[in-house]
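Line by line, the protein sequences are chains A and B. Counting with this note's numbering, you get residues 845 to 1050 for the letters of the first sequence. Counting with this note's numbering, you get residues 845 to 1050 for the letters of the second sequence. Remarks on the structure that follows.
Number of protein chains: 2
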Amino acid sequence: MEKTDKKTDILVAAEKLFCEYGFEGTSTRQIAAESGANMAMINYYFGSKMGVFQEIMEERVMSFKSQLNQIKEENIPAKEKLLKVIDKYASRILNNANFHKMMHRELSLSLRPEVFDQIKAAMGQNLIVIEDIIKEGIEAGDFRPVDIRMTIVSVMGTISMVTTSPNKIAPDSNYDLENEKDREIIKARLIDHLQEMILTHLTPKK
Amino acid sequence: MEKTDKKTDILVAAEKLFCEYGFEGTSTRQIAAESGANMAMINYYFGSKMGVFQEIMEERVMSFKSQLNQIKEENIPAKEKLLKVIDKYASRILNNANFHKMMHRELSLSLRPEVFDQIKAAMGQNLIVIEDIIKEGIEAGDFRPVDIRMTIVSVMGTISMVTTSPNKIAPDSNYDLENEKDREIIKARLIDHLQEMILTHLTPKK
DNA sequence: CAAAATTAATCAAACGATTGATTAATTTAA
DNA sequence: TTAAATTAATCAATCGTTTGATTAATTTTG
C-alpha cells in the first residue's frame, strides 16, 4: 500500500550508495538496480547523476536548517544555550553519521564548487550562530575572551572525529554507530566530555 | 644533473594527483602525463594503480613514525610532553594538509581494507602513545582523571578540522594552507588554542 | 677486451569492461 | 487520445590493464 514513487526510490537508493561508496564510486547502474528503476529514469528525473547528488544535498541541508537559530533565540543564559547547542549538534551528526562522512569526503575534493558552495554557506551560517552565542556570553561576563572560532572548531572537530572514527574512543572493542545502543553510549560520552571541556575553557578562573 | 628515475617520478606525480582528485578521480593516464612516464610503466613498477597508492601510503606512514615515541621517552613532566605532542602533531599535519585530507577521504570509504588496516594500526599506536602520556600525568597527580580517549579525539579533531576547513577560523578572509605565511599564522593560533584548552581541561581546579 | 647473451626499461597500440548519457519504442494513466 | 512514465538498446568516451616490439644497459662468455 505504500506509495512507491520512482523518483523517491532513486533518491533513497542513491543516498545510501553515495554514503557507502562515494559519488565517483557509485555508478548509475548501481543506483538503478538498488532503486528498481530503469537507468534512464535517473536522467529523466534528475538530468544527470550529479543532479541526483545535488537534490539529496539540498534536501539535507534544508532539513538541517536550523535548530540552532531556535536555541539562539531562547531566553536563557548563554551558558545554557551553548550546552544545548553541543547536545543538538552532536546528536544530529551522530544520528546521520554516514551522510556526514560522505559530505565531508566529497567536500574535501576541491571539485564540484557549484554544488558545495551553497552547503559551505549553510554551514557558515550555523557557525555564526554559535559564534554569536559565545560572544553574548563573553559580553555578559559569563565567558572568558577566548579564540571563539577555534573554540567552535574544537566542538565541530571533536564531533566529526568521533563520527568518522568511533573506534578511537574505545580501546579494543568495536563500536558501531549504526547500532542504536552503541550510538547512544557514544553520544552520551561525547556530549559529557564536550560540555565539560568547553565550559571549563570558557569559564573564568576563580 | 638531478637523477630523475621514472619510478620516483610516478610516485611524486601520483601523490600530487591523488591528493587533488582522490584515488578514483585520478586516472592512470593522468599519472602518466604528469610524471612524463609511459602508462605501462605504472603497471610495470607497481603492478596496478592501487599498488602506486599503497606504496605512497606506506612511505608516508613510515616517515610519520613517530616523533611521538621520542617525546614520550624524554625526561620531562607529562605536562611538557603533552604540549610538545600538540605542537608536533599540529605542525606535522598542517604541513602536509593535502595529504592528510586525502588520507581521511580515502579512509572514510569502507573499501580497500587491505590498504588501510595497516594505516589504522599505525594511527592507533600514535593514539596509545598520547594516552600513555596523559595516564602518566594523571598518576603523578598533575592531571585530573578525565575521559582520556575523548580528550585525544578533541586534539586530533581540532587539528583535523582546521586542516580541512581553515576558512572556518577566519571570518571573511581566505586563508590558504598552501601559502606558508598563512600556514604559520594558522599554526600558531591553533597550537595556542589547543594547548590552552587541553591543559585547562586536564589541570585540577584549585 | 670484445662479442654474445641476457635483463631492464620504455613505448605505441589495443584490450575488454564500464562509465554516464541518450535514443526510440512502448506501456501506463488521466 | 494524449501526455507522462517506463523500457531495452545503444552511444561515444573513458577506464585500468595488457600486449608485443624495441631500445638501452648490464652481464656473461670466449
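Cβ coordinates follow ideal geometry from the N, Cα and C atoms, glycine included. All values reported here derive from a predicted model rather than from experimental measurement.
Residue i - DSSP class collapsed to helix/strand/coil
i	result
isoleucine 920 of chain A	coil
proline 1010 of chain B	helix
arginine 1033 of chain A	helix
glycine 1001 of chain B	helix
proline 957 of chain A	helix
tyrosine 1019 of chain A	coil
arginine 949 of chain B	helix
arginine 988 of chain A	coil
valine 856 of chain B	helix
glutamate 846 of chain B	With a pLDDT of 40 at glutamate 846 of chain B, under the threshold of 50, the predicted position of this residue should be treated as unreliable, and no value is reported.
glycine 1044 of chain B	The sequence shown places threonine at residue 1044 of chain B, rather than the glycine named in the question. Threonine 1044 of chain B falls in the helix class under three-state DSSP.
asparagine 942 of chain B	helix
lysine 964 of chain B	helix
lysine 1049 of chain B	coil
Whole-angstrom C-beta distance between residue j and residue i, which should lie under 8 Å
i	j	result
threonine 1047 of chain B	arginine 988 of chain B	7 Å
arginine 1051 of chain B	isoleucine 930 of chain A	Since the first and last residues shown for chain B are 845 and 1050, residue 1051 of chain B lies out of range.
isoleucine 1001 of chain B	threonine 1002 of chain A	Sequence inspection shows glycine at residue 1001 of chain B; the isoleucine mentioned does not correspond to that position. At roughly 4 Å, the Cβ-Cβ gap stays under 8 Å, so glycine 1001 of chain B and threonine 1002 of chain A are in contact.
valine 932 of chain A	tyrosine 889 of chain A	Looking at the sequence itself, residue 932 of chain A is lysine, so the reference to valine does not match. Wrong, their Cβ atoms sit about 33 Å apart, outside the cutoff.
glutamate 859 of chain A	isoleucine 900 of chain A	5 Å
leucine 927 of chain B	glycine 866 of chain A	With 8 Å as the limit, leucine 927 of chain B and glycine 866 of chain A do not qualify as a contact, their Cβ atoms being about 38 Å apart.
leucine 1038 of chain B	valine 999 of chain B	6 Å
isoleucine 977 of chain B	lysine 909 of chain B	Contact doesn't hold; Cβ gap of about 17 Å is too wide.
asparagine 913 of chain B	valine 1006 of chain B	Incorrect: roughly 24 Å between the Cβ atoms, too far for contact.
leucine 855 of chain A	valine 896 of chain A	7 Å
valine 905 of chain B	alanine 984 of chain B	Rounded, the Cβ-Cβ distance is 32 Å, inconsistent with contact.
serine 1004 of chain A	histidine 948 of chain A	7 Å
Worksheet entry | Uninterrupted alpha helix (DSSP H) stretches inside the segment 863-918 of chain B (no shorter than 4 residues) | 872-879, 883-890, 893-907 and 911-917
Item to complete: Note down, in chain order, all residues in the segment 1029-1044 of chain B with a beta-carbon under 9 Å from any beta-carbon belonging to chain A.
Response: Arg1033, Leu1034, Asp1036, His1037, Leu1038, Glu1040, Met1041, Ile1042 and Thr1044
Worksheet entry | the segment 968-994 of chain B: positions lying closer than 7 Å to chain A by Cβ | Leu971, Asp991, Arg993 and Met994
Worksheet item: Listed from N- to C-terminal order along the chain, which residues in the segment 884-908 of chain B have their beta-carbon within a distance smaller than 7 Å of any beta-carbon of chain A?
Response: none
Fill in: Residues of the segment 923-947 of chain A with Cβ closer than 9 Å to any Cβ of chain B, in chain order
Lys945 and Met946
Fill in: Positions along the segment 997-1008 of chain A whose CB lies within less than 8 Å of some CB in chain B
Val997, Ser998, Met1000, Gly1001, Thr1002, Ile1003, Ser1004, Met1005, Val1006 and Thr1008
Discussion item. Short of 8 Å Cβ to Cβ, which residues in the segment 851-880 of chain B face chain A?
Written reply: Glu864, Tyr865, Gly866, Glu868 and Gly869
Practice prompt. Select from the segment 1016-1028 of chain B all residues with a C-beta closer than 9 Å to any C-beta belonging to chain A, and list them in chain order.
Written response: none
Fill in: Contacting positions in the segment 949-961 of chain A - beta carbon closer than 9 Å to chain B
Arg949, Glu950, Leu951, Ser952, Leu953, Ser954 and Leu955
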